[in-house]
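*Asks:*
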Amino acid sequence: MTLSWYWPTPNGKPPLIAVLSVIVPLAVLLLTASTVDMSYNKIFYAIPRMLDFTKNLWVMPDWHYVPQLAKKMLETVEMTLLATALAILLSMPLGVLAAKNASPHPIIFRITRDLLSFIRALPELVWALVFVSALGLGPLPGIMALSLVTVGFMGKFIAESIEVVDAKAIEGLESTGCTKFQSILYAMLPQAVPDFIGSLLYILDHNLRAASILGLVGAGGIGYDMVMSMRLFNYERIGMIALSIYALVTLLDRLSDVFRQKALGGILNVH
Amino acid sequence: MAYISLTAVHKTYPNGYCALKNINLDIQAGQFIAVLGPSGAGKSTLLRVMNALDPATQGEITIDGVTLNKKNYRKIRAHVGMVFQQFNLVDRLNVMTNVLVGRLAEHSWLSSLFYLFPKTDYQIAEAALREVDLLDKAWSRADKLSGGQQQRVGIARALAQQPKLILADEPIASLDPKASEEVLKLLRKICSEKGITVIVNLHQVEYARQYADRIIALNAGSLVFDGSPEQLTKAKQAEIYGTTYEETSHDAELVLAYT
Numbered sequence: 000m001t002l003s004w005y006w007p008t009p010n011g012k013p014p015l016i017a018v019l020s021v022i023v024p025l026a027v028l029l030l031t032a033s034t035v036d037m038s039y040n041k042i043f044y045a046i047p048r049m050l051d052f053t054k055n056l057w058v059m060p061d062w063h064y065v066p067q068l069a070k071k072m073l074e075t076v077e078m079t080l081l082a083t084a085l086a087i088l089l090s091m092p093l094g095v096l097a098a099k100n101a102s103p104h105p106i107i108f109r110i111t112r113d114l115l116s117f118i119r120a121l122p123e124l125v126w127a128l129v130f131v132s133a134l135g136l137g138p139l140p141g142i143m144a145l146s147l148v149t150v151g152f153m154g155k156f157i158a159e160s161i162e163v164v165d166a167k168a169i170e171g172l173e174s175t176g177c178t179k180f181q182s183i184l185y186a187m188l189p190q191a192v193p194d195f196i197g198s199l200l201y202i203l204d205h206n207l208r209a210a211s212i213l214g215l216v217g218a219g220g221i222g223y224d225m226v227m228s229m230r231l232f233n234y235e236r237i238g239m240i241a242l243s244i245y246a247l248v249t250l251l252d253r254l255s256d257v258f259r260q261k262a263l264g265g266i267l268n269v270h
Numbered sequence: 000m001a002y003i004s005l006t007a008v009h010k011t012y013p014n015g016y017c018a019l020k021n022i023n024l025d026i027q028a029g030q031f032i033a034v035l036g037p038s039g040a041g042k043s044t045l046l047r048v049m050n051a052l053d054p055a056t057q058g059e060i061t062i063d064g065v066t067l068n069k070k071n072y073r074k075i076r077a078h079v080g081m082v083f084q085q086f087n088l089v090d091r092l093n094v095m096t097n098v099l100v101g102r103l104a105e106h107s108w109l110s111s112l113f114y115l116f117p118k119t120d121y122q123i124a125e126a127a128l129r130e131v132d133l134l135d136k137a138w139s140r141a142d143k144l145s146g147g148q149q150q151r152v153g154i155a156r157a158l159a160q161q162p163k164l165i166l167a168d169e170p171i172a173s174l175d176p177k178a179s180e181e182v183l184k185l186l187r188k189i190c191s192e193k194g195i196t197v198i199v200n201l202h203q204v205e206y207a208r209q210y211a212d213r214i215i216a217l218n219a220g221s222l223v224f225d226g227s228p229e230q231l232t233k234a235k236q237a238e239i240y241g242t243t244y245e246e247t248s249h250d251a252e253l254v255l256a257y258t
């Protein structure tokens, strides 16, 4: 029987690069799975214990904990908003310097890019450890760690959205004799706004989840309570905390959907 | 003395492509000049060397007594408006801001940072929008306008620069016949009433004949014709485009059929 199905290439066979990009990663995965202790037996035998844990969650919530929970959740939200706001202020200029078409000099472009990737190299938790040992326990080191990492990400996102803006408008501005700074402000930034909003909403979502675990190292937020109740098998609280984080993330998600629709639909005009 | 003069201007792009070869040209103030030639002849490059968007690699360009060099090109551009085939507006900004952009060269970085413009700039921008008959669209987003309207915003931006020269690089190549005619009429009016020199790149020979005071033609980077519309005979036209007489007249009929 002859197969009458072909790939859309000159000889009807899949391109070599596509074949390799499937085969090579698969082979690597198969060869390395054992080194990370990937054992199906282990997963199988863990199922009863996981069910056990889930069963334990079905307890009456600890109603006396509600005020404390509300306070900690509010702290988490405040940390998220403050860290994100600070990070936007810092990442705007850095993002412009790290965009190839907006940077005043190739050397400045390179240095800013490298600085941003250095910041991103360590996760929030590690930066939080650093700041906690410098400033002591509390939300402040958490905010600092969070905004630092956010600068690393937002700076890169901003730079990338500036780099893909339509060059025609930039040329239009340059033809009027304005400076590079003015063409960044009037041609590049307005056109990059939809991308900015997209990254900002993603970052907010990410930061809320990050802020909720920073307490793990004593850097404020709901994380500390979560870890403590886990360690003390305080099931009355674990469920409540998990549910309120879930509710908050979902709420933020819905809000950002609405906001995005408005922004992209042009209701949010930039003048 | 001529308003613009090009002396032995050459332009070679970094990839080695030679777009202009030894161009010598004098242009008087207040004229409407059409530049013709097949695609790739160097029409766009000729305009773009004049405001140094693509600086000439050799030769000298003098506009209004000032010779273009690396240090003064921004100063020159401030009073040379440019109109583009794709309009080159900032889509997400409103029409008014797109026109006010023509004033930026006069302002410091600090006022630009806050998107602030003085009242006199609004008066200039409003006058420019009235000139192109789009004052009622001042607060619409630029990308909500039709092609012809966007091109008129492009012209208003150029007018807001209070230019003595407007370079129009195939301003009607993306427009339908009706909008094309409107835009050319507008440019002609600006030239006649305000005495602004207008240089327009065109593909349509008939439009060039109809509107221009003087026609310049390029082929393969060299000047092949320079004269009045009357001097551009059908035979000359065939020479410019490197086609036979029959083909050209046939094309001309097609152009007329569309308009």
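Protein chains in written order, with numbering that gives the first Met the number 0: chain A, 0 to 270; chain B, 0 to 258. Idealized CB from N, CA, C, for every residue including glycine. What you are looking at is a predicted structure, and each value in this text was computed from that prediction instead of being measured.
1) Please state whether the Cβ-Cβ distance between B/P37 and B/Y240 is less than 8 Å.
2) According to DSSP, is B/I195 helix, strand or coil?
3) Please go through the same chain and pick out, in chain order, the residues whose beta-carbon is closer than 6 Å to the beta-carbon of B/M0, but skip the five residues on each side of it.
4) Please identify, using Cβ separations under 7 Å, the residues of the region 180 to 213 of chain A that lie next to chain B, in order along the chain.
5) At the 8 Å Cβ level, is B/R151 part of the contact set with chain A, yes or no?
6) Our contact map puts B/L52 next to A/S174 with C-beta atoms below 8 Å; I'd like the distance itself, whole angstroms only.
7) Give the straight-line distance between the Cα atoms of B/S43 and A/L93, rounded to the nearest whole angstrom.
8) Can you name the start and end residues of the alpha helix (DSSP H) that A/M72 belongs to?
9) I need the straight-line Cα distance from A/M91 to A/L85, nearest angstrom please.
10) Give the secondary structure of B/H9 by DSSP, where H, G and I count as helix, E and B as strand, and everything else as coil.
11) Indicate whether A/A158 and A/L172 have their beta-carbon atoms separated by less than 8 Å.
12) Which two residues bound the contiguous alpha helix (DSSP H) that contains B/F86?
13) Can at least three beta-carbon pairs, one atom from the region 161 to 169 of chain B and one from the region 198 to 207 of chain B, be found at a separation below 8 Å?
14) So what's B/A216 in DSSP terms, helix, strand or just coil?
15) Does the Cβ of A/V164 have 16 or more other Cβ atoms within 10 Å, making it buried, or fewer, making it exposed?
16) Thinking B/V182 and B/G220 are a contact (beta carbons under 8 Å), I'd like their distance in whole angstroms, please.
17) For the beta strand (DSSP E) containing B/K20, list its first residue and its last residue.
18) Which one of A/D224, A/Q260 and A/R230 has the shortest CA to CA distance from A/Y64?
19) Within the continuous alpha helix (DSSP H) that includes A/T111, where are the two ends?
20) On a Cα-Cα basis, can you pick out the residue from B/K10, B/L103 and B/G194 that is closest to B/L115?
21) With a threshold of 8 Å between beta carbons, is A/S174 in contact with chain B?
22) Which of the three DSSP states, helix, strand or coil, is assigned to B/A167?
23) Please state the DSSP three-state secondary structure of B/T66.
24) Using a 10 Å radius around the Cβ and a threshold of 16 neighbouring Cβ atoms, would you call A/F43 buried or exposed?
25) Any C-beta of chain B within less than 8 Å: which residues of the region 145 to 167 of chain A qualify?
26) Please work out which residues of its chain come closer than 7 Å, Cβ to Cβ, to A/K12, disregarding the five sequence neighbours upstream and downstream, and give them in chain order.
27) Pick helix, strand or coil for A/H270, following the three-state DSSP scheme.
28) Return helix, strand or coil for A/G238, following the three-state DSSP convention.
29) A/T34 touches chain B at which residues, Cβ-Cβ below 8 Å?
30) Counting C-beta neighbours from all protein chains within 10 Å, is the total for A/L88 16 or more, i.e. buried, or is it exposed?
31) Taking the alpha-carbon of A/K70 as reference, which of A/I221, A/Q260 and A/L136 has the nearest alpha-carbon?
32) Does A/E170 come within less than 8 Å of chain B when only Cβ atoms are used?
33) Report the start-end ranges of each alpha helix (DSSP H) in the region 126 to 177 of chain B that is 4 residues or longer and not cut off at the edges.
34) Name the DSSP bridge partner or partners of B/L80?
35) Taking Cβ to Cβ, would you say A/L128 is nearer than 8 Å to A/V216?
*Replies:* According to the structure data:
1) Yes.
2) Secondary structure of B/I195 (DSSP, three-state): coil.
3) For B/M0, same chain residues with a beta-carbon under 6 Å away, outside a window of 5 residues either side, do not exist.
4) The residues in question are F180, Q181, L184, Y185, A186, P189, Q190 and V192.
5) So no, B/R151 is outside the interface.
6) Taking 8 Å as the upper bound for CB-CB distance, B/L52 and A/S174 are in contact here, some 6 Å apart.
7) The alpha-carbon separation between B/S43 and A/L93 amounts to approximately 36 Å.
8) Looking at the DSSP string, the run of the alpha helix (DSSP H) that includes A/M72 is V65 to L96.
9) So the alpha carbons of these two residues sit roughly 10 Å apart.
10) For B/H9, the secondary structure class from DSSP, reduced to helix, strand or coil, is strand.
11) Result no, Cβ atoms of A/A158 and A/L172 do not sit closer than 8 Å.
12) From DSSP, B/F86 is part of no alpha helix (DSSP H); its letter is neither H nor E.
13) The region 161 to 169 of chain B vs the region 198 to 207 of chain B: in contact.
14) Strand.
15) By the neighbour-count rule (16 or more Cβ atoms within 10 Å), A/V164 is buried.
16) With 8 Å as the limit, B/V182 and B/G220 do not qualify as a contact, their Cβ atoms being about 27 Å apart.
17) Segment C17 to I26, the beta strand (DSSP E) holding B/K20.
18) That would be A/D224, whose Cα lies nearest to the Cα of A/Y64.
19) Its alpha helix (DSSP H) spans residues P105 to A120.
20) Out of B/K10, B/L103 and B/G194, the CA that lies nearest to the CA of B/L115 is found in B/L103.
21) Look at A/S174: its C-beta is under 8 Å from a C-beta on chain B.
22) Under the three-state reduction of DSSP output, B/A167 falls in the strand class.
23) Here B/T66 sits in strand by DSSP.
24) Exposed, because fewer than 16 other Cβ atoms sit within 10 Å of the Cβ of A/F43.
25) Among the residues of the region 145 to 167 of chain A, those with a Cβ less than 8 Å away from any Cβ of chain B are D165 and K167, in the order of the chain.
26) For A/K12, where only same-chain residues beyond five positions count, the Cβ hits under 7 Å are W6.
27) For A/H270, the predicted structure reports a pLDDT of 44, less than 50, and the residue's modelled location is therefore unreliable. The matter cannot be settled from this model.
28) Helix, per DSSP.
29) By Cβ distance, chain B contributes nothing, its closest Cβ being about 50 Å from A/T34, past 8 Å.
30) Result: exposed.
31) Measuring C-alpha to C-alpha distances from A/K70 to each of A/I221, A/Q260 and A/L136 identifies A/I221 as the nearest.
32) Chain B contact via Cβ: present.
33) Listed in chain order, the complete alpha helix (DSSP H) runs (minimum 4 residues) inside the region 126 to 177 of chain B are 146 to 159.
34) The identity of residue 80 of chain B in the sequence shown is Gly, whereas the question assumes Leu. Beta-bridge pairing links B/G80 to B/I165.
35) Result yes, Cβ atoms of A/L128 and A/V216 sit closer than 8 Å.
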